[in-house]
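For reference, the structure discussed in these notes is given below.
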Amino acid sequence: MAQYDITMIGHVSKDIMILHNGHKDEFFGGPVIYSSASASISGSKVLVLTKAATEDMTLLDYLRDEMVDVNVISSPETTSIKNIYLTADQERRKVTLLSQADPFILEDIPDTVSHIYHLAGLFYGELPSSLIKPLSRRGDVGLDAQGVLRCSEGGRMLFRDWKEKKDMLPYVRFLKTDTAEAQILTGSDDRVEAAKILEGWGAREVMVTHHTEVIVLVDGIIYRAPFDPENLSGRTGRGDTCFAAYMSRRLHDNPDDSI
1384 MAQYDITMIG HVSKDIMILH NGHKDEFFGG PVIYSSASAS ISGSKVLVLT KAATEDMTLL
1444 DYLRDEMVDV NVISSPETTS IKNIYLTADQ ERRKVTLLSQ ADPFILEDIP DTVSHIYHLA
1504 GLFYGELPSS LIKPLSRRGD VGLDAQGVLR CSEGGRMLFR DWKEKKDMLP YVRFLKTDTA
1564 EAQILTGSDD RVEAAKILEG WGAREVMVTH HTEVIVLVDG IIYRAPFDPE NLSGRTGRGD
1624 TCFAAYMSRR LHDNPDDSI
């Protein structure tokens, strides 16, 4: 039976990115792309489980070249998203869902051994909350809040609170939110207070990202790392890479060294 440090589960996306100055770029992305690359570089053995249309499956070949195992399940469509960034710091953006691959079910997840199952969703419903509890019996669960808060109505992105949060968070070891997502979940615009609320609801390690820093709360202790990029041209996937690198390091190191 195959064994992995981290199994990344979620849709890949054919992305269209338009910056505040009008510059347009198109690329193949998604949290599982950025997360798997980051975790692999950090030394973890990684499996990506995703869904895509048959004609797009070869777009994932380069991940295999980076020593990432990839399992692609056929779907009528590949998810495609348009991101319009409204500010130079890229903290505010308008997101439109152009197409969406099929959601995951428990039977999609292979019978492998993995220390961490990272649910790296793009939109609510892609990775149903019902996956969390059974996966927690197989390994530690990592969850990106984006995948349970971001909803689509006719392609338009909306953020809504996660109604199952208090039932599901006790089964989540690693939780990642950005500042806005943390406020939606908790009602607090203070990152530390929000992290403590989420820990109180059961998440054991809470990461909150911000354009100035990353904080992680573990066992009541806050750990901080500044975010000081040379430029912000690669903002998409920034939180994904931080979170994946952290989880990868936590397989062997303490929180302070991991962040």
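Under our numbering, the letters of the sequence shown match residues 1384 to 1642, in that order.
By construction, the Cβ of each residue, glycine as well, lies at the ideal position given by its N, Cα and C atoms.
Bear in mind that the values here come from a model prediction, so they are computed numbers and not experimental data.
- Excluding sequence positions up to five before and after E1582, its CB lies within less than 7 Å of the CB of V1589, L1600, all in the same chain and listed in chain order.
- For the stretch 1409 to 1497, the full-length beta strand (DSSP E) segments reaching 3 residues or more read 1429 to 1435, 1452 to 1457, 1463 to 1468, 1476 to 1482 along the chain.
- Per DSSP, the beta bridge partners of T1560 are V1591.
- The beta carbon of Y1468 sits closer than 6 Å to those of L1402, H1403, R1476, all from its chain and outside the five residues before and after it, given in chain order.
- Nearest in C-alpha terms to V1531, of all of K1546, R1539, P1517, is K1546.
- For I1642, the CB contacts under 7 Å within the same chain, skipping 5 residues up- and downstream, are V1597, V1599, Y1606, A1608, Y1629 in chain order.
- In this structure, A1422 is the residue among S1396, Y1507, R1539, A1422 with its C-alpha nearest to the C-alpha of D1388.
- With contacts defined by Cβ atoms closer than 8 Å, D1523 and P1414 do not form a contacting pair.
- In the DSSP assignment, A1578 falls outside any beta strand (DSSP E) and lies within the alpha helix (DSSP H) extending over 1574 to 1583.
- Only residues of its own chain outside the window of five on either side were considered, and among them T1569, S1571 have a CB closer than 7 Å to the CB of I1580, listed in chain order.
- In this structure, L1442 keeps its C-beta atom at 8 Å or more from the C-beta atom of D1491.
- Short of 7 Å from the beta carbon of I1567, and not among the five residues preceding or following it, lie these beta carbons of its own chain, in chain order: L1532, F1542, D1544.
- Judged by their CB atoms, A1435 and T1461 are nearer to each other than the 8 Å cut-off.
- In the three-state DSSP reduction, K1549 falls in the helix class (H, G or I).
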